[in-house]
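Student:
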């Protein structure tokens, strides 16, 4: 199953009239709620799945990868929730309005197992872009790093700048 290599676009940009949607989004809380069509909801499910392609891209920030992986590998009790990974697979695979060619109902655990086979390589390729001390810190405690990145997506960049400054002071 090939996913398009596009980045996750803003929902307003995917609508038939993006400027109208953006205007509605910019309005105050008093504006009437945006009515979502079934096609819009299916498109959103597909857009969420499109973001899986970023996992294989080494230049995708770690925080984005961790966020996507949390969504994919969330507690199976949440698989029935709207816009869960399982829900997106079902909608994208079975809806005639899907952006994807029909692939039918898939076993979500089989797809997770397939993705899990690639995750280590994808993360390693991304980590290879960082200094050894960053790779070691993340490899030894990935959950700690994921927590830091979820609180502050710039955490690694800040640590790199800090290390460079401290390194220069003692050179």
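In the working numbering, the protein residues as written are 17 to 187. Ideal placement from N, C-alpha and C gives every residue a C-beta, glycine not left out.
#1: DSSP three-state call for residue 36: helix, strand or coil?
#2: Could you give the DSSP three-state label for residue 116: helix, strand or coil?
#3: Residue 121 and residue 110: beta carbons closer than 8 Å?
#4: Return the chain-ordered list of same chain residues with a C-beta closer than 6 Å to the C-beta of residue 94, the five sequence neighbours on each side being excluded.
#5: To the nearest angstrom, report how far apart residue 52 and residue 149 are at their CA atoms.
#6: Rounded C-beta distance between residue 74 and residue 141? I'm assuming under 8 Å.
#7: Using a Cβ cut-off of 8 Å (strictly closer), state whether residue 138 contacts chain D.
#8: Beta-carbon within less than 8 Å of residue 151's beta-carbon, same chain only, minus the 5 sequence neighbours each way: which residues are those?
#9: What alpha helix (DSSP H) runs, 4 residues minimum, are completely inside the region 134-170?
#10: Relative to the C-alpha of residue 139, which residue among 96, 85 and 63 is closest?
#11: Here's a check: name, in chain order, each residue in its chain whose Cβ is nearer than 7 Å to the Cβ of residue 171, leaving out the five neighbours to either side.
#12: Which first and last residues belong to the alpha helix (DSSP H) in which residue 75 is found?
#13: If distances are taken between C-alpha atoms only, which option among 88, 137 and 158 comes closest to residue 128?
#14: To the nearest angstrom, how far is the alpha carbon of residue 169 from that of residue 35?
#15: Pop quiz: residue 124 and residue 61 are said to be a contact at Cβ under 8 Å. What is the actual Cβ separation, rounded to whole angstroms?
Tutor: The short version:
#1: Here residue 36 corresponds to residue number 20 of the chain shown, with the count starting at 1. Of the three classes helix, strand and coil, the one that applies to residue 36 here is helix, per DSSP.
#2: Indexing the chain shown from 1 puts residue 116 at position 100. Residue state, collapsed to three classes: coil.
#3: Taking the chain shown and counting its residues from 1, the one referred to as residue 121 is at position 105. Taking the chain shown and counting its residues from 1, the one referred to as residue 110 is at position 94. Going by C-beta atoms, residue 121 is nearer than 8 Å to residue 110.
#4: Indexing the chain shown from 1 puts residue 94 at position 78. Within the same chain, residue 94 has close Cβ partners 100.
#5: As a first step, residue 52 is located in the chain shown; it is residue number 36 there, counting from the start. As a first step, residue 149 is located in the chain shown; it is residue number 133 there, counting from the start. Each residue's Cα considered, the two are about 47 Å apart.
#6: Walking along the chain shown from the start, residue 74 turns up at place 58. Walking along the chain shown from the start, residue 141 turns up at place 125. The Cβ separation is near 4 Å, so the contact holds.
#7: Note that chain D does not occur in the displayed structure, where there is just one protein chain.
#8: Reading the chain shown from its first residue, position 135 is the one you call residue 151. The residues are 143 and 144.
#9: 148-156 and 158-167
#10: Along the chain shown, read from residue 1 onward, the residue named residue 139 stands at position 123. That would be 85, whose Cα lies nearest to the Cα of residue 139.
#11: Here residue 171 corresponds to residue number 155 of the chain shown, with the count starting at 1. Excluding sequence neighbours, residue 171 sits near 164 and 165.
#12: Within the chain shown, residue 75 is the residue found at index 59, counting from 1. Per DSSP, residue 75 belongs to no alpha helix (DSSP H) and is neither H nor E.
#13: Here residue 128 refers to the residue found at position 112 of the chain shown. Per the Cα distances, 88.
#14: Position 153 of the chain shown holds residue 169. Position 19 of the chain shown holds residue 35. Taking the straight line from one Cα to the other gives about 29 Å.
#15: On the chain shown, residue 124 is found 108 positions in, with the first residue counted as 1. On the chain shown, residue 61 is found 45 positions in, with the first residue counted as 1. That belief does not hold up - the Cβ atoms of residue 124 and residue 61 are roughly 13 Å apart, past 8 Å.
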